[in-house]
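Visitor:
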Amino acid sequence: MNKTIRHTSVFVLLLVLALLGRATWVQAYEGKALADDSKNRRKTIAQYAQPLGNIVVAGSPVTGSKRTEGSDLSYKRTYTDGELYAAVTGYSSQAYGATQLEGIYSDVLDGTDDRLKNPLDAVTRKQQEPGTVVTTIDPDVQKAGYRALGNKKGAAVALDPATGRILAMVSTPSYDPSKISGTNDGDVWKRLMADEDKPLVNRAIRQPLPPGSTFKLVVAAAALEDGLYGSVDTATKSPDPYTLPGTRTVLRNENASAPCENATIRTALRYSCNNVFGKMAADLGQDKVRAMAEKFGFDDAELDVPVRAYASVYPSGMDRAQTALTGIGQFDVTATPLQMAMVSAAIANDGLLAAPHMVSEVVDSDGDALTSFEDGDTERIVSSSTAEQLRSAMVTVVEKGTGTNAAVDGAEVGGKTGTAQHGENNSKTPYAWFTSYAKDPSTGKQVAVAVMIEDSGAARSEVSGNGLAAPVAQKMMEAALK
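At position 83 of the sequence shown (counting the first as 1) the number is 82 in numbering that gives the first Met the number 0, and the numbers step up by one without a gap.
#1: With DSSP as the reference, label Arg164 as helix, strand or coil.
#2: With three or more C-beta pairs closer than 8 Å as the rule, is the segment 445 to 464 touching the segment 387 to 394?
#3: Work out the CA separation of Tyr47 and Leu250 for me, nearest whole Å.
#4: At 4 residues or longer, what runs of the alpha helix (DSSP H) sit wholly inside the segment 269 to 332?
#5: Is the separation between the beta-carbon of Ala308 and that of Leu352 shorter than 8 Å?
#6: Among Val87, Glu195, Ala234, which has the Cα closest to the Cα of Asp454?
#7: Determine the extent of the beta strand (DSSP E) in which Gln445 is found, giving its start and end residues.
#8: Give the single residue among Tyr95, Leu19, Ala147 whose Cα lies nearest to the Cα of Gly488.
#9: Taking the beta strand (DSSP E) that Pro429 belongs to, which residues open and close that run?
#10: Is the beta carbon of Ala410 sitting closer than 8 Å to the one on Ala437?
#11: I need the DSSP call for Gln99, collapsed to helix, strand or coil.
#12: Going by beta-carbon coordinates alone, are Ala203 and Thr335 separated by less than 8 Å?
#13: Skipping 5 residues on each side, what residues in its chain have a beta carbon closer than 6 Å to that of Gly466?
#14: Which residue wins for smallest C-alpha separation from Gly63, given the options Ile380, Thr43, Ser92, Ala45?
#15: Could you tell me the alpha carbon to alpha carbon distance between Arg5 and Ser364, rounded to whole angstroms?
#16: Which word fits Leu51, buried or exposed, when buried means at least 16 other C-beta atoms lie within 10 angstroms of its C-beta?
#17: Of all the options Cys272, Ser256, Thr131, Gly226, which has the alpha carbon lying nearest to the alpha carbon of Ser237?
#18: Please report the distance separating the alpha-carbon of Ala154 from that of Leu72.
#19: Where Gly350 and Ala220 are concerned, what is the direct C-alpha to C-alpha distance, given to the nearest angstrom?
#20: Run the CB neighbour count on Gly296, radius 10 Å, all protein chains shown included, and call it buried at 16 or more, exposed below.
#21: By the DSSP assignment, the alpha helix (DSSP H) with Ala368 in it spans what residues?
#22: Can you find the residues in the same chain that come closer than 7 Å, C-beta to C-beta, to Glu398, ignoring five residues on each side of it along the sequence?
#23: Between Ala143 and Met393, which are expected to be in contact by the criterion C-beta below 8 Å, what is the C-beta distance as a whole number of angstroms?
#24: Indicate the three-state DSSP secondary structure (helix, strand or coil) for Pro355 in the structure shown.
#25: Measure the alpha-carbon distance for Thr135 versus Gln445 and round it to whole angstroms.
#26: Which residue wins for smallest C-alpha separation from Thr333, given the options Pro60, Arg164, Gly417?
#27: If you compare alpha carbons, which of Ala323, Pro160, Glu101 is closest to Ala344?
#28: Assign Glu378 to buried or exposed, taking buried as 16 or more other Cβ atoms, counted over all protein chains shown, within 10 Å of its Cβ.
Now the structure itself:
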C-alpha cells in the first residue's frame, strides 16, 4: 500500500476512534448531568409526561394530576385541600420548580428515580411508573391546628414523643399549590411573592424567631442536670428585681406581684419569673446552657425531617448580661416551632428525644419500599428524674399558672407559655408562644405541640402565650388524643 495512503488511513482511523470515545464519554459519564440540567427542556417534559406519583396522608392521596391542553407538558399537579397541607407537600410547578416533599422526592414522584427501573430500563432510560410518598401526618391534628390558627400569622407542629412522627405541620397564612402548578400562573406567583405575610414561607421549620419564655424549660433542664439546684422545688437564689451583671439594667417580671423572689423552679415556671431564669442562665454560664440547648437540637444546621429545617440558634461570645437575657429566650436566641416541640417531646418521653420525621416510607408502584424511616430512633437528652420533675412543673403551669387555656379533659397536660420581644426596644407586637405535651392515661396516647403566633392582629396588651397560642395547642392535643 502506498505510504501516503497508509498514513492517511491511520489518521482517519484515529479520528473515528476519538469521535467514538467522545460519544461514549458523553453517553456514559455526562449524559445524566446533561439530562438533569435545569435548562434542559427535555427534563421538564419527562417530569410531566405522565401523572405524578402521590403524597399520602392517612392512606389517602392529597395530591393528584390533571391532563393539560396545548402544551408539551402533558400533566400538571393538583392538590386536595391544598392550603391545609401546603406546609407538608410544598408545590410542584411547571414554571417555578418544586419545594418541600415535592422537591425532595421529585424523581420518585415523576418516575425518573433509578430505583424504580429494572436493569434494562436503566440502560434504555425508559420512564417507569412513579412512586408514592407516605407521610406521618394525622389529618385530624393537621385540621385542628389549621382551623385554630385561622387568619393569624403563625405556625404549629405536633410530634409523637415516643416515635418522633410529625403528626401535624401547619403554617399560616397558607396558599393553594394548585394555583401555581401550571405554566400560566404568573399573576398568582407575583402576588404570592409580593405578599408581606410571606405565605410561601413554611414558618413551622423555616423561620426561627425568639422563643421567649418557652426557652426557660431548656435553662431549667440545664440547672437540674448540672446540680445547680437539686429539684424543681428547691428555692433558688434569685433577687427580684434582678440587675443584669455588669449593668444597671433591671430585669423585671411581667407580673410584678408574682412570688418570684428566690422562687423554686416550679413557681418560676408557673409565673414565668424572668429574674429566676435570667440569673440561672448567668450562674450556669453560656457554655452549659448552650450544651443543653444543643442536646435538644439547637445549632443543628442539618436537621432533615426530611425537609431541612433552618437551625434554631443559641448564640456564643456573650458577656454575663447577654447570657442572662438568653435565659428568658431573648438576646440572639431563636427557635422554630419544630424545635420547641422537640423540647416538650423529649421531656414527655422520659428524657429521650426521638428523631422527628414527616415521612414513614417511600414506595414504588408495587408498594415495595424504596426508603423507610424508623420510629423511635432516640437519644438521651436529660435524665429520667429531670424529665419527670419538669413534667410535674409543666403540669403546674397548665393547672395553676400561665397556661390554663391548654387543659384537655381527662388528660395530663403540661406546658410553658412565652411572649417574645419583637423590634428595637420591643417596639413591635410581641410573638406569642406555647410549647406543651399531653398524655391520655387510659389509652397511652401522647403528643407534644409547639405553637408560635407571629401576628394575630390583636392589640399589644392582648398578646400572650396563654391567650393566643395555648388555645391552638389545646385543639391539636385534643385531636391527637381522640
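Yeah, the Cβ is synthetic: ideal placement off N, Cα and C, and Gly gets one too.
Guide: Once the coordinates are examined:
#1: In the sequence shown, the residue the question calls residue 164 occupies position 165. Three-state result, Arg164: strand.
#2: no
#3: The residue you call residue 250 lines up with position 251 of the sequence shown. The residue you call residue 47 lines up with position 48 of the sequence shown. So the two alpha carbons sit approximately 58 Å from each other.
#4: With a minimum length of 4 residues, the continuous alpha helix (DSSP H) runs that stay inside the segment 269 to 332 are 273 to 283, 285 to 295, 319 to 325.
#5: Against the sequence shown, residue 308 aligns to sequence position 309. Against the sequence shown, residue 352 aligns to sequence position 353. No.
#6: Position 455 of the sequence shown, counted from the start, is the residue given in the question as residue 454. Taking only the C-alpha atoms, the option nearest Asp454 is Glu195.
#7: Start at 1 with the first residue of the sequence shown, and residue 445 comes out as number 446. Residues 445 to 454.
#8: Missing from the structure shown is residue 488; the chain here goes from 0 to 481 and no further.
#9: Along the sequence shown, read from residue 1 onward, the residue named residue 429 stands at position 430. Here the beta strand (DSSP E) through Pro429 covers 427 to 438.
#10: On the sequence shown, position 411 is the one that residue 410 refers to. On the sequence shown, position 438 is the one that residue 437 refers to. Result yes, Cβ atoms of Ala410 and Ala437 sit closer than 8 Å.
#11: Taking the first residue of the sequence shown as 1, we reach residue 99 at position 100. DSSP places Gln99 in helix when its eight states are reduced to three.
#12: On the sequence shown, position 204 is the one that residue 203 refers to. On the sequence shown, position 336 is the one that residue 335 refers to. Closer than 8 Å, so yes.
#13: If you number the sequence shown from 1, residue 466 lands on position 467. Excluding sequence neighbours, Gly466 sits near nothing in its chain.
#14: Numbered from 1 along the sequence shown, position 64 holds the residue referred to as residue 63. Among Ile380, Thr43, Ser92, Ala45, the Cα nearest to that of Gly63 is on Ser92.
#15: Locating residue 5 in the sequence shown gives position 6, where the first residue counts as 1. Locating residue 364 in the sequence shown gives position 365, where the first residue counts as 1. Rounded to the nearest angstrom, the two C-alpha atoms are 58 Å apart.
#16: Here residue 51 corresponds to residue number 52 of the sequence shown, with the count starting at 1. Buried, because 16 or more other Cβ atoms sit within 10 Å of the Cβ of Leu51.
#17: By one-based count along the sequence shown, residue 237 stands at place 238. Of the residues Cys272, Ser256, Thr131, Gly226, the one whose Cα lies closest to the Cα of Ser237 is Cys272.
#18: Within the sequence shown, numbered from 1, the residue matching residue 154 stands at position 155. Within the sequence shown, numbered from 1, the residue matching residue 72 stands at position 73. Rounded to the nearest whole angstrom, the C-alpha separation of Ala154 and Leu72 is 35 Å.
#19: Along the sequence shown, one-based indexing puts residue 350 at 351. Along the sequence shown, one-based indexing puts residue 220 at 221. The straight-line gap from Cα to Cα measures roughly 10 Å.
#20: Reading the sequence shown from its first residue, position 297 is the one you call residue 296. Classification of Gly296: buried, given that the 10 Å Cβ count is 16 or more.
#21: Taking the sequence shown and counting its residues from 1, the one referred to as residue 368 is at position 369. Where Ala368 is concerned, there is no enclosing alpha helix (DSSP H), although the beta strand (DSSP E) it sits in stretches over 368 to 371.
#22: Here residue 398 is taken as the residue at index 399 of the sequence shown, counted from 1. Closer than 7 Å at the Cβ level, and outside the excluded window around Glu398, lies no residue.
#23: Residue mapping note: residue 143 aligns to position 144 of the sequence shown, counting from 1. Residue mapping note: residue 393 aligns to position 394 of the sequence shown, counting from 1. About 21 Å; that fails the 8 Å criterion.
#24: The residue labelled residue 355 in the question sits at position 356 within the sequence shown. Pro355 falls in the coil class under three-state DSSP.
#25: As a first step, residue 135 must be located in the sequence shown, where it is residue number 136. As a first step, residue 445 must be located in the sequence shown, where it is residue number 446. Approximately 15 Å between the Cα atoms of the pair.
#26: The residue you call residue 333 lines up with position 334 of the sequence shown. It is Gly417 whose Cα lies nearest to the Cα of Thr333.
#27: Your numbering for residue 344 matches position 345 in the sequence shown. Out of Ala323, Pro160, Glu101, Pro160 has the C-alpha closest to the C-alpha of Ala344.
#28: By one-based count along the sequence shown, residue 378 stands at place 379. Residue environment for Glu378: exposed (fewer than 16 other C-beta atoms within 10 angstroms of its C-beta).
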